[in-house]
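S.K.: Counting with this note's numbering, you get residues 1 to 417 for the letters of the sequence shown.
A virtual CB, placed ideally from N, CA and C, is assigned to each residue, including glycine.
One structure, pasted below without further comment.
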Amino acid sequence: MIIGYWHSYRVALPGRHGATSACTALLVTLAACGGEGAGSGGAVIRDSAGIQIVENTAPSWAEGEGWELSKTPVLSIGELEGDPRYQLYEAYDARRLSDGRIVVANAGSSELRFYDGKGKFKGAAGRKGGGPGEFQGLADVWVLADDSLLAYDARNDRISFFDPSGGFVRSFQLQTLTGGKSSPSLVAPFADGSLLIRARTMFFSPHTEGGLRRDSILYLRCDPEGALIDSMGWFPGPEWYVKSEQGSMTASTRAFGRAPVAAAFADAFYFGASDIYEIARYDASGELQRLIRKTQQNVSVTAEDIERWKVEHFREEDENTRIFWERMFADMPFPETMPAYERLIVDDEGSLWVEEYRRPGDEQPRWTVFDPQGVLLGEVETPPGLQVYQIGSDFVLGRWTDELDVEHVQLYKLKGR
Numbered sequence: 001m002i003i004g005y006w007h008s009y010r011v012a013l014p015g016r017h018g019a020t021s022a023c024t025a026l027l028v029t030l031a032a033c034g035g036e037g038a039g040s041g042g043a044v045i046r047d048s049a050g051i052q053i054v055e056n057t058a059p060s061w062a063e064g065e066g067w068e069l070s071k072t073p074v075l076s077i078g079e080l081e082g083d084p085r086y087q088l089y090e091a092y093d094a095r096r097l098s099d100g101r102i103v104v105a106n107a108g109s110s111e112l113r114f115y116d117g118k119g120k121f122k123g124a125a126g127r128k129g130g131g132p133g134e135f136q137g138l139a140d141v142w143v144l145a146d147d148s149l150l151a152y153d154a155r156n157d158r159i160s161f162f163d164p165s166g167g168f169v170r171s172f173q174l175q176t177l178t179g180g181k182s183s184p185s186l187v188a189p190f191a192d193g194s195l196l197i198r199a200r201t202m203f204f205s206p207h208t209e210g211g212l213r214r215d216s217i218l219y220l221r222c223d224p225e226g227a228l229i230d231s232m233g234w235f236p237g238p239e240w241y242v243k244s245e246q247g248s249m250t251a252s253t254r255a256f257g258r259a260p261v262a263a264a265f266a267d268a269f270y271f272g273a274s275d276i277y278e279i280a281r282y283d284a285s286g287e288l289q290r291l292i293r294k295t296q297q298n299v300s301v302t303a304e305d306i307e308r309w310k311v312e313h314f315r316e317e318d319e320n321t322r323i324f325w326e327r328m329f330a331d332m333p334f335p336e337t338m339p340a341y342e343r344l345i346v347d348d349e350g351s352l353w354v355e356e357y358r359r360p361g362d363e364q365p366r367w368t369v370f371d372p373q374g375v376l377l378g379e380v381e382t383p384p385g386l387q388v389y390q391i392g393s394d395f396v397l398g399r400w401t402d403e404l405d406v407e408h409v410q411l412y413k414l415k416g417r
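Here it is in structure tokens:
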């Protein structure tokens, strides 16, 4: 009996040291399991051919225990009017530095903005452009071990490094990793400064066959200079629906479709395909170390869910665009169940936070938290509308947009840890 759907294919790519990796496939079965033992709470930990499997059936936190966020933010940056340095637009990421400062990736102004622990503006780095230290599609910012910064420009496929005060240091193009044959993007840095890169080969063309598609995604690891270290392997990609007619092709992600999620922390790489409630932990070389599971059935997709999805999807479109998308989705097959989960974040202490997939209309985010060993702790709710960017040992940092579409970067206290 197969209890896990997991496959990754190692691809033979020359690394920095000239090493290559053979293609492999992994399938875990009950018959191979051994070394079974009980963990905390409702966790059963077993070994299968050197791979640790953590089966979670119940949370470790007792009723009334656990973590929770403060009712209101302890810090909020963002204003409707006044000083433009406090007006945020397309604040796609934010991080807290070790000295308490907040750095905001404000794509609307193509800047990294710095604020102190009380929210006072302290300076900015970058501007719009294609030159060194400039941005055209600022998407992410990460704080490295020495408080230096890594910024990712998605439009330029470029990684830029800045010192702790915002001074530009250097940059490199991600396209050099794949020779322009795929669309690479940054997932996250590892603790040693190497980078986890996602590289998806584009499959669309006017002659693409219509219907459901699910191609694979290649994950790579490169050094801080942009040189390829090794392939992490091929993994399941997102589900797409393709409509082809009269020599034209339109593609969209499938409604309630499965989509991969990934995160990196220390020397570990986490991946989930979202088909079932299972998340894999790999080491930095791409070797599978642990499978983390939660006993939970995927939520069924109802007719009401489909109608709510259509309303939300078409709500802000003009009539012509709405008609186009209605035709596009008229023949799209909806899945019987929703994905198992939506997103992964590893907090600063190594605990894994998994955002539960929500029905259309459900505005309350819920996160299932696993400790660094993969044992289920319990559930934490975050404020509706808060896009979480970073989870520290005692804080949660994210972006919230108010009813006037004013963006605010907010810091909440994480209590009970």
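Is the beta carbon of Phe334 less than 8 Å from the beta carbon of Trp325?
M.R.: Locating residue 334 in the sequence shown gives position 334, counting from the first residue. Locating residue 325 in the sequence shown gives position 325, counting from the first residue. Their beta carbons are not under 8 Å apart, which means Phe334 does not touch Trp325 by this criterion.
S.K.: Can at least three beta-carbon pairs, one atom from the segment 271–283 and one from the segment 305–324, be found at a separation below 8 Å?
M.R.: Touching, no.
S.K.: Hey, Gly237 and Arg214: beta-carbon distance below 8 Å or not?
M.R.: Taking the first residue of the sequence shown as 1, we reach residue 237 at position 237. Taking the first residue of the sequence shown as 1, we reach residue 214 at position 214. Result yes, Cβ atoms of Gly237 and Arg214 sit closer than 8 Å.
S.K.: Measure how close the beta-carbons of Ser194 and Asp223 come, nearest whole angstrom, since I'm counting them as under 8 Å.
M.R.: Translated into the one-based positions of the sequence shown, residue 194 becomes position 194. Translated into the one-based positions of the sequence shown, residue 223 becomes position 223. Contact holds; Cβ gap of about 5 Å.
S.K.: Beta carbon of Phe168: closer than 7 Å to some heavy atom of the ligand FMN?
M.R.: Judged by which ligands are present, the structure shown has none, so any question about the ligand FMN falls away.
S.K.: Phe161 and Ala264: beta carbons closer than 8 Å?
M.R.: Position 161 of the sequence shown, counted from the first residue, corresponds to residue 161. Position 264 of the sequence shown, counted from the first residue, corresponds to residue 264. It is not a contact, given that the beta carbons lie outside the stated cut-off.
S.K.: Can you list the beta strand (DSSP E) stretches of 3 or more residues lying completely in the segment 70–128, in chain order?
M.R.: Segments of the beta strand (DSSP E) lying fully in the segment 70–128: 75–77, 91–96, 102–106, 111–115, 121–125.
S.K.: Just the Cα atoms here: how many angstroms apart are Lys415 and Leu149?
M.R.: Position 415 of the sequence shown, counting from 1, holds the residue named residue 415. Position 149 of the sequence shown, counting from 1, holds the residue named residue 149. Their backbone Cα atoms lie some 28 Å apart in a straight line.
S.K.: Reducing DSSP to helix, strand and coil, say where Arg322 ends up.
M.R.: Numbered from its first residue, the sequence shown carries residue 322 at position 322. It is helical.
S.K.: Return the bridge partner residues of Val242 from the DSSP annotation.
M.R.: Sequence index remark: in the sequence shown, residue 242 carries index 242 (1-based). BP columns for Val242 point to Gly211, Ala251.
S.K.: Between which two residues does the beta strand (DSSP E) carrying Ile306 extend?
M.R.: As a first step, residue 306 is located in the sequence shown; it is residue number 306 there, counting from the start. Segment 303–314 is the alpha helix (DSSP H) holding Ile306; no beta strand (DSSP E) there.
S.K.: Compute the Euclidean distance between the alpha carbons of Gln373 and Ser48, then round it to the nearest angstrom.
M.R.: As a first step, residue 373 must be located in the sequence shown, where it is residue number 373. As a first step, residue 48 must be located in the sequence shown, where it is residue number 48. Taking the straight line joining both Cα atoms gives about 16 Å.
S.K.: Within a Cβ cutoff of 7 Å, which residues of the same chain sit near Gly364, ignoring the five residues on either side of it in sequence?
M.R.: As a first step, residue 364 is located in the sequence shown; it is residue number 364 there, counting from the start. This sequence places Gln at residue 364; Gly is not what is there. The residues are Glu381, Pro384.
S.K.: If you follow the beta strand (DSSP E) that Ser48 is in, where does it begin and where does it stop?
M.R.: Within the sequence shown, residue 48 is the residue found at index 48, counting from 1. 43–48 is the extent of the beta strand (DSSP E) around Ser48.
S.K.: Using 10 angstroms around the beta-carbon of Asp140, count the other beta-carbons present and answer buried if the total reaches 16, otherwise exposed.
M.R.: As a position in the sequence shown, residue 140 is number 140, starting the count at 1. Classification for Asp140: buried.
S.K.: Go ahead and pull the three-state DSSP assignment for Gln296.
M.R.: Within the sequence shown, the letter at position 296 stands for residue 296. Looking at Gln296 - three-state DSSP - the assignment turns out to be coil, as it is neither helix nor strand.
S.K.: For Gln175, which of helix, strand or coil comes out of DSSP?
M.R.: On the sequence shown, position 175 is the one that residue 175 refers to. Three-state DSSP puts Gln175 in a helix.
S.K.: Can you give the beta carbon distance from Arg101 to Asp116, rounded, assuming they're within the 8 Å contact cut?
M.R.: Numbered from 1 along the sequence shown, position 101 holds the residue referred to as residue 101. Numbered from 1 along the sequence shown, position 116 holds the residue referred to as residue 116. Contact holds; Cβ gap of about 6 Å.
S.K.: Compare the beta carbon distance of Ser70 and Tyr412 with 8 Å and say whether it is the shorter of the two.
M.R.: Here residue 70 corresponds to residue number 70 of the sequence shown, with the count starting at 1. Here residue 412 corresponds to residue number 412 of the sequence shown, with the count starting at 1. Yes, the pair counts as a contact, with Cβ atoms nearer than the cut-off.
S.K.: Would you list the residues sitting across from Pro59 in a DSSP beta bridge?
M.R.: Reading the sequence shown from its first residue, position 59 is the one you call residue 59. Answer by DSSP bridge pairing: none, since Pro59 is not bridged.
S.K.: Tell me the DSSP secondary structure of Phe366 in three-state form.
M.R.: The residue labelled residue 366 in the question sits at position 366 within the sequence shown. The sequence given here has Arg at residue 366, not Phe. Arg366: strand per DSSP, three-state reduction.
S.K.: Going by the DSSP bridge assignment, what does Pro184 pair with across the sheet?
M.R.: Indexing the sequence shown from 1 puts residue 184 at position 184. Its beta-bridge partners are Ala199.
S.K.: Return the CA-CA distance between Val28 and Leu75, expressed in angstroms with no decimal places.
M.R.: Looking up residue 28 in the sequence shown gives position 28. Looking up residue 75 in the sequence shown gives position 75. Here Val28 scores only 33 on pLDDT, less than 50, and its place in the model is too uncertain to base an answer on.
S.K.: For a test of the three-state rule: what should DSSP assign to Arg327, helix, strand or coil?
M.R.: Numbered from 1 along the sequence shown, position 327 holds the residue referred to as residue 327. Here Arg327 sits in helix by DSSP.
S.K.: Look at the alpha carbon of Trp309 and the alpha carbon of Met338, and state the distance between them as a whole number of angstroms.
M.R.: Numbered from 1 along the sequence shown, position 309 holds the residue referred to as residue 309. Numbered from 1 along the sequence shown, position 338 holds the residue referred to as residue 338. Each residue's Cα considered, the two are about 12 Å apart.
S.K.: Anyone know if the C-beta pair for Asp279 and Ile292 falls short of 8 Å?
M.R.: Translated into positions along the sequence shown, residue 279 becomes position 279. Translated into positions along the sequence shown, residue 292 becomes position 292. Checking the sequence, you will find Ile at residue 279 rather than Asp. Closer than 8 Å, so yes.
S.K.: Indicate the three-state DSSP secondary structure (helix, strand or coil) for Trp67 in the structure shown.
M.R.: Taking the sequence shown and counting its residues from 1, one reaches residue 67 at position 67. If DSSP states are grouped into helix, strand and coil, Trp67 belongs with coil.
S.K.: Going by the CB atoms, is the gap between Ser109 and Leu419 shorter than 8 Å?
M.R.: Not covered by the structure: residue 419. The range shown for the chain is 1 to 417.
S.K.: Would you list the one or two residues that DSSP bridges to Tyr282?
M.R.: Numbered from 1 along the sequence shown, position 282 holds the residue referred to as residue 282. Phe269, Leu288, per the DSSP bridge assignment.
S.K.: Tell me where the beta strand (DSSP E) around Ala151 begins and ends.
M.R.: Counting from 1 along the sequence shown, the entry for residue 151 is found at position 151. 149–153 is the extent of the beta strand (DSSP E) around Ala151.
S.K.: Can you give the Cα-Cα distance for Asp146 and Ala124, rounded to whole angstroms?
M.R.: To locate residue 146, count along the sequence shown from 1; it is residue 146. To locate residue 124, count along the sequence shown from 1; it is residue 124. The alpha-carbon atoms of Asp146 and Ala124 are separated by roughly 19 Å.
S.K.: Can you give me the Cβ contacts of Arg343 inside the same chain, cut-off strictly under 8 Å, excluding the 5 residues immediately before and after it?
M.R.: Within the sequence shown, numbered from 1, the residue matching residue 343 stands at position 343. Same-chain partners within the cutoff: Val261, Val354, Glu355.
S.K.: How would you label Gln297, buried or exposed, when you count the other beta carbons within 10 angstroms and need 16 or more for buried?
M.R.: Taking the first residue of the sequence shown as 1, we reach residue 297 at position 297. Classification for Gln297: exposed.
S.K.: Pull up the distance between the alpha-carbon of Glu225 and that of Leu288, whole angstroms please.
M.R.: Here residue 225 is taken as the residue at index 225 of the sequence shown, counted from 1. Here residue 288 is taken as the residue at index 288 of the sequence shown, counted from 1. Each residue's alpha carbon lies about 26 Å from the other.
S.K.: In or out: Tyr389 buried (at least 16 other Cβ within 10 Å) or exposed?
M.R.: Here residue 389 is taken as the residue at index 389 of the sequence shown, counted from 1. Tyr389 should be labelled buried.
S.K.: Nearest by alpha-carbon distance to Phe329: which of Ala266, Arg417, Ser244, Leu386 is it?
M.R.: Working through the sequence shown from its first residue, we reach residue 329 at position 329. It is Ser244 whose Cα lies nearest to the Cα of Phe329.
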